[in-house]
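Comments concern the structure below.
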Amino acid sequence: MGKASRNLRKWVTNDRNLGKKLKKENYHIQPILNYSYVTKLKVLGIQWDFQDDSLSEETAWRTVFLRRKKNTKRFILQSAEKMYDPLGLIMPFTVRLKFLL
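Residue numbers (this note's numbering): 38 to 138.
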């Protein structure tokens, strides 16, 4: 990433061996395994449960938005664009919404 002029920071891992390796290479590691009350972290805009090693997304704001029940093309496009998906996990659904237009 250094060759691409990208300075990655705030490394997080749930693997102790990888954490030790990264510390040896002078990366800043957030010590998440020391806190028993923290189970989820936000990584790339998505919640990561590092104990279960699973990804999830909060949908409460989306249900409030969808309760407006406007049946217009603009509303469908707005709801598709509000879904932040940097990893492309829900892309098959958002692409279908965009094809409706």
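Ideal Cβ placement from N, Cα and C applies to all residues, glycine included.
(message) For a test of the three-state rule: what should DSSP assign to I83, helix, strand or coil?
(response) Reading the sequence shown from its first residue, position 46 is the one you call residue 83. I83 falls in the strand class under three-state DSSP.
(request) Measure the Cβ-Cβ separation of G82 and P123 and say whether it is below 9 Å. (result) The residue you call residue 82 lines up with position 45 of the sequence shown. The residue you call residue 123 lines up with position 86 of the sequence shown. Taking 9 Å as the Cβ cut-off, G82 and P123 qualify as a contacting pair.
(request) State yes or no: is the C-beta of T96 within less than 9 Å of the C-beta of D86? (result) Along the sequence shown, one-based indexing puts residue 96 at 59. Along the sequence shown, one-based indexing puts residue 86 at 49. Not closer than 9 Å, so no.
(request) Give the straight-line distance between the Cα atoms of L78 and W48, rounded to the nearest whole angstrom. (result) Your numbering for residue 78 matches position 41 in the sequence shown. Your numbering for residue 48 matches position 11 in the sequence shown. Distance between the alpha carbons of L78 and W48 is about 12 Å.
(request) Would you mind working out which of W98, D52 and S116 sits nearest D89, comparing C-alpha positions? (result) As a position in the sequence shown, residue 89 is number 52, starting the count at 1. Closest by alpha carbon: D52.
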